[in-house]
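Undergrad: Got a structure here, written out as structure tokens. Questions coming.
Chains as they are written, first to last, in the numbering used here: chain A, 2 to 172; chain B, 315 to 563.
Shown next, in the form of structure tokens:
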């Protein structure tokens, strides 16, 4: 348990720095950035106390906001994503009694992709709505959400394939 | 959720984004490390910019041009700084510079480069400061035509990082494509006559009393590098006078 807490703290710091110092510099067509930081939300175990998950994600988003001068946009988006994560897991893994953690397994890979995409779109909609903070920019919000979601999805699938790849899922 | 919404809300009002900003030591240190590495790859172009600016200043000095006289007669002090973080793809963009209260930087000082204006200082810590970029919905800069004294407000519509819009220039001003736009000097932030950009397009507004002008910036806001922060030594005196005037009203 102690080891896993240290691992998650380490992951927290590495992903914040990776997001603000590396990923934010990748600006495809001047607006597409991979939100690699979502890997933190994806990899938090569902068995962890709900309040700890919510607090950890709020602090995680807030740390990114400090670097990006973005008020509370990332904090809000991370909160929505972690809140919606169990709902999406239930929706896509219908018929399973317990919530399962998100690993790339040989059984049901498409379900995993569905959950990932749902979490990403949820997060991006909130983050861009808060950043634009003006619904007259609704077309820009949708455009940013669409293209950034695709790019983030590809990056997250790669990360999961490398770091969270299990041949068989054991509950 | 409420906390993050409140933080977003206050970050969208001018001068109130005090809590969540990148002036603290931790963010500043990381950005500075990163900039130190990045700058090695840009040294050549920065050197060329400095050489060109030096040549221009020497020419102005030897010609004793009107602009030089104006700049000398008003008491503006310039402080150098490096940009350690710059965003230009959002609707509310900020820069972070590696100069703060210890370097005599204060809120509401103007920030420029050799090519044009960059923004206005917002939050400061001892060693760092955040700058509201001109590419920010909350930014509004007093600007005028170089060839005449017709002025307006320079704002950004949140789209292209090299294009801004000049509003409220009266219809009787004579305009032409490629006319230069400079700072108007009607605030205590920027001295008069600092170049901003050139007119790339203009239309008459719906009620046909004011022009809507697209201004192509001289500054490349995607690669700012180093800047100068301008302190108006008379700012306090001017503000005091103006506030007295408002009180009397």
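Even for Gly, the Cβ is constructed at its ideal location relative to N, Cα and C.
What span of residues does the beta strand (DSSP E) with residue 479 of chain B cover, start to end?
TA: 477-484
Undergrad: Compute the Euclidean distance between the alpha carbons of residue 224 of chain A and residue 89 of chain A, then round it to the nearest angstrom.
TA: Since the first residue shown for chain A is 2 and the last is 172, residue 224 of chain A is missing from the structure and cannot be characterised.
Undergrad: Looking at the C-beta of residue 479 of chain B, does it have a partner C-beta in chain A at a distance below 8 Å?
TA: no
Undergrad: Only counting runs of 3 or more residues, tell me where the beta strand (DSSP E) segments fall wholly within the segment 118-151 of chain A, in order along the chain.
TA: none
Undergrad: Would you kindly work out how many angstroms separate the C-alpha atoms of residue 152 of chain A and residue 430 of chain B, rounded to a whole number?
TA: 34 Å
Undergrad: For residue 545 of chain B, would you say it is in contact with chain A, using Cβ-to-Cβ distances shorter than 8 Å as the test?
TA: no
Undergrad: Just to make sure I have the definition right: I need the residues of chain B whose C-beta is within less than 7 Å of the C-beta of residue 133 of chain A. Which are they?
TA: 405
Undergrad: Count the CB pairs spanning the segment 397-412 of chain B and the segment 35-43 of chain A that are closer than 8 Å, and state whether there are at least three.
TA: No: fewer than three Cβ pairs fall under 8 Å.
Undergrad: Note down, in chain order, each residue of its chain lying with its Cβ closer than 6 Å to the Cβ of residue 74 of chain A, except the 5 sequence neighbours on either side.
TA: 128, 131, 132
Undergrad: Using beta-carbon positions only, say whether residue 405 of chain B and residue 472 of chain B come within less than 8 Å of one another.
TA: yes
Undergrad: Do residue 458 of chain B and residue 498 of chain B come within 8 Å of each other at the CB atom, strictly closer than that value?
TA: Cβ atoms of residue 498 of chain B and residue 458 of chain B: closer than 8 Å.
Undergrad: On the three-state DSSP scale, how would you describe residue 110 of chain A?
TA: helix
Undergrad: Using CA atoms only, rank isn't needed, just tell me which of B:367, B:375, B:399 is closest to residue 344 of chain B.
TA: B:399
Undergrad: What residue range is occupied by the uninterrupted alpha helix (DSSP H) comprising residue 66 of chain A?
TA: 51-69
Undergrad: Any beta carbon from chain A within less than 8 Å of residue 433 of chain B's own beta carbon?
TA: no
Undergrad: Would residue 533 of chain B count as contacting chain A if we go by Cβ distances under 8 Å?
TA: no
Undergrad: Report the start-end ranges of each beta strand (DSSP E) in the segment 507-557 of chain B that is 3 residues or longer and not cut off at the edges.
TA: 509-518, 524-531, 540-546
Undergrad: Roughly how many whole angstroms lie between the Cα atoms of residue 446 of chain B and residue 397 of chain B?
TA: 12 Å
Undergrad: Spatial neighbours of residue 523 of chain B within its chain, please: C-beta separation below 8 Å, excluding the five flanking residues on both sides.
TA: 484, 485
Undergrad: For residue 398 of chain B, name the three-state secondary structure that DSSP assigns.
TA: strand
Undergrad: Does the Cβ of residue 391 of chain B have 16 or more other Cβ atoms within 10 Å, making it buried, or fewer, making it exposed?
TA: exposed
Undergrad: Note down the Cα distance separating residue 536 of chain B from residue 506 of chain B, rounded to an integer number of angstroms.
TA: 25 Å
Undergrad: Quick one: what's residue 89 of chain A bridged to in DSSP?
TA: DSSP, once it has assigned bridges, lists no residue as partnering residue 89 of chain A.
Undergrad: Tell me the DSSP secondary structure of residue 161 of chain A in three-state form.
TA: Of the three classes helix, strand and coil, the one that applies to residue 161 of chain A here is helix, per DSSP.
Undergrad: To the nearest angstrom, report how far apart residue 54 of chain A and residue 533 of chain B are at their CA atoms.
TA: 44 Å
Undergrad: Can you find the residues in the same chain that come closer than 8 Å, C-beta to C-beta, to residue 125 of chain A, ignoring five residues on each side of it along the sequence?
TA: 36, 78, 145, 146, 149, 150, 153
Undergrad: From the beta carbon of residue 56 of chain A, is the nearest beta carbon of chain B less than 8 Å away?
TA: no
Undergrad: Report all residues from its chain with a CB closer than 7 Å to the CB of residue 116 of chain A; omit the five preceding and five following residues, and keep chain order.
TA: 89, 90, 93, 103
Undergrad: Between which residues of its own chain and residue 438 of chain B is the CB-CB distance below 7 Å, once the five residues before and five after are set aside?
TA: These residues qualify, in order along the chain: 337, 414, 415, 419, 420, 421.
Undergrad: Could you tell me whether the Cβ atoms of residue 58 of chain A and residue 42 of chain A are closer together than 8 Å?
TA: Result yes, Cβ atoms of residue 58 of chain A and residue 42 of chain A sit closer than 8 Å.
Undergrad: Within its chain, find whatever has a CB closer than 8 Å to the CB of residue 19 of chain A; leave out the 5 residues flanking it on each side and keep chain order.
TA: Counting only Cβ-Cβ distances below 8 Å, and skipping sequence neighbours, we find 37, 38.
Undergrad: How about residue 433 of chain B and residue 453 of chain B: are their beta carbons less than 8 Å apart?
TA: yes
Undergrad: Grab the span of the alpha helix (DSSP H) containing residue 39 of chain A for me, first residue to last.
TA: 39-44
Undergrad: So, is residue 164 of chain A buried or exposed, given that buried needs 16 or more other C-beta atoms within 10 angstroms?
TA: exposed
Undergrad: Once the 5 residues before and after residue 329 of chain B are set aside, which same chain residues still bring their CB inside 6 Å of it?
TA: Because the pLDDT of residue 329 of chain B is 45, which lies under 50, any placement of that residue in the model is unreliable, and the question is left without a value.
Undergrad: Can you tell me whether DSSP reads residue 78 of chain A as helix, strand or coil?
TA: helix
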